[in-house]
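Numbering (the numbering used here), first residue to last: 131 to 302.
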């Protein structure tokens with residue numbers, strides 16, 4: 131992701147599914163090194179949403195303290211001085227989509243709900259918001275439940291690289 135950010139110099143990145151913020155922090159650090167750009171991290175940090183979007187391959191969401199995970203993510207943003215480069219939106223992806231217009235997003239990172247329904251909705255709602263020649267990074271593509279979402283992306287995008295557990299696409 132860092133190499134992609136350095137190469138493409140995006141203005142707007144969107145990450146669906148932040149959880150603890152590891153990839154969000156790395157994205158924001160790369161944007162900071164570029165001197166411009168912003169990443170919007172979208173995650174509701176709500177148990178009901180996590181359970182509805184979970185696939186059988188995931189861990190037990192009932193054991194996660196999502197409020198504490200959200201706070202730890204925010205604290206990491208503040209400690210790294212990334213306030214200017216990372217905006218966290220505590221909402222589900224469906225409701226947060228109204229923040230963007232068609233073509234606004236340069237890099238979309240999809241790592242939200244892993245159920246077939248949830249992952250398909252995420253790519254269906256956000257793919258039109260990605261700019262032509264923008265990039266879509268899908269995580270956990272080795273989950274069987276993401277096959278429909280992958281199919282939707284592959285109808286409009288070219289595969290750049292398959293990492294086994296993740297795929298990078300470029301929108302045509």
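Glycine included, C-beta positions come from ideal geometry on N, C-alpha and C. Since the model is a prediction, treat every value here as computed from it, not as a measurement.
May I have a chain-ordered list of the beta strand (DSSP E) segments no shorter than 3 residues that lie completely inside the region 152-179? 168-172
Can you tell me which of the three DSSP states residue 240 falls into? strand
Taking residue 168 as the reference, give the member of 149, 213, 208 and 298 with the closest Cα. 213
Under 7 Å between the Cβ atoms of residue 199 and residue 173? no
Tell whether a beta-carbon distance below 7 Å holds between residue 259 and residue 230. yes
Bridge partners for residue 289 per DSSP, in chain order? 299
For residue 201, does the count of other Cβ atoms within 10 angstroms reach 16, so buried, or fall short, so exposed? exposed
Which word fits residue 145, buried or exposed, when buried means at least 16 other C-beta atoms lie within 10 angstroms of its C-beta? buried
Residue 170 to residue 142, Cα distance in whole Å? 8 Å
For residue 143, report the span of its beta strand (DSSP E) as first-last. 142-146
Answer with buried or exposed for residue 297, where buried requires no fewer than 16 other C-beta atoms within 10 angstroms of its C-beta. buried
Please classify residue 283 as buried or exposed, where buried requires at least 16 neighbouring CB atoms within 10 angstroms. buried
Comparing alpha-carbon positions, which option in 262, 220 and 247 lies nearest residue 234? 262
When the Cα of residue 299 is compared with those of 257, 176 and 278, which residue comes out closest? 257
Once the 5 residues before and after residue 139 are set aside, which same chain residues still bring their CB inside 6 Å of it? 164
From 247, 293, 272 and 301, residue whose alpha carbon lies closest to that of residue 265: 301
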